[in-house]
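Structure first, then comments.
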Amino acid sequence: MAEIEIKIPITLSHKTNKLHFGAQIFLRLAIVGTTLGAMLVTIYTKQSITMFGMVVEAQYNYADAFKYYVYANGIVCLFTIMSLFFAVYINRGDCNPANHFILFLHDLSMMSLELSGCTAATAVGYIAKYGNSHTGWLAFCDQFGKYCDRVTFGLVLGFLGFVFLLMLTVISANRARTIHV
25 MAEIEIKIPI
35 TLSHKTNKLH
45 FGAQIFLRLA
55 IVGTTLGAML
65 VTIYTKQSIT
75 MFGMVVEAQY
85 NYADAFKYYV
95 YANGIVCLFT
105 IMSLFFAVYI
115 NRGDCNPANH
125 FILFLHDLSM
135 MSLELSGCTA
145 ATAVGYIAKY
155 GNSHTGWLAF
165 CDQFGKYCDR
175 VTFGLVLGFL
185 GFVFLLMLTV
195 ISANRARTIH
205 V
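Note that the numbering used here numbers the sequence shown so that position 128 is 152, with each residue one more than the last.
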């Protein structure tokens, strides 16, 4: 005999829906602010010093990891702005509930991209701060302290954006979990 499975859709209360929607909007706006801030701080951080009669300049585009970090933050910021409009659209009552899963996948991929950019820039920043005696790389931040401090601030903003993305991904996963197809 064939088993009959009865699927009862879980309906969330109006208050829960409003809270979920408000949290999503707040977190998306916070992500836009932190990733845009991290990108701009990193781009506009430059420092020049004179060593042995030569002017030496430090800026983000001299390190590929910092370029990747800037591009990753820019992509996350842009796609989060677009997802803001999509989140407003899918929170209407007449939208397909399976779209919450699409939003979850988007949030997960943006979180992964932000984490990869932050870790790449952190690895280069660590070597710039402490050097590596095994490979002969000298510490860079001894001479370029202002530059390193500002890049560190940009990295803090980037990791804060990652934390907001992590919270948003958990919220999106929870919302997508309640959908029965």
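Note that CB positions come from ideal geometry on N, CA and C, so glycine has one too.
Keep in mind the model is a prediction, meaning the values are calculated, not measured.
With contacts defined as CB atoms closer than 8 Å, I49 and A111 qualify as a contacting pair.
Nearest neighbour of M191 by Cα position, chosen from Y84, K42, A47, N41, turns out to be A47. Proximity of the segment 66 to 83 to the segment 191 to 201 falls short of the contact definition, fewer than three beta-carbon pairs being nearer than 8 Å. One alpha carbon belongs to Y171, the other to A145, and they sit about 14 Å apart. Per DSSP, the continuous alpha helix (DSSP H) segment holding S133 begins and ends at 123 to 154. Between A147 and Y154, the gap from beta carbon to beta carbon reaches 8 Å or more. The DSSP-derived three-state label of S72 is strand. Excluding its 5 nearest sequence neighbours in each direction, I114 has C-beta neighbours in its own chain below 6 Å: N123, listed in chain order. In the structure shown, Q167 adopts coil according to DSSP, grouped into three states. Taking L189 as the centre and dropping the five residues before and after it, the same chain places the C-beta of I55, D131, M134, M135, E138 closer than 7 Å to its C-beta, in chain order. Distances from the alpha-carbon of E81 to those of A62, T59, V194, C165 put C165 closest.
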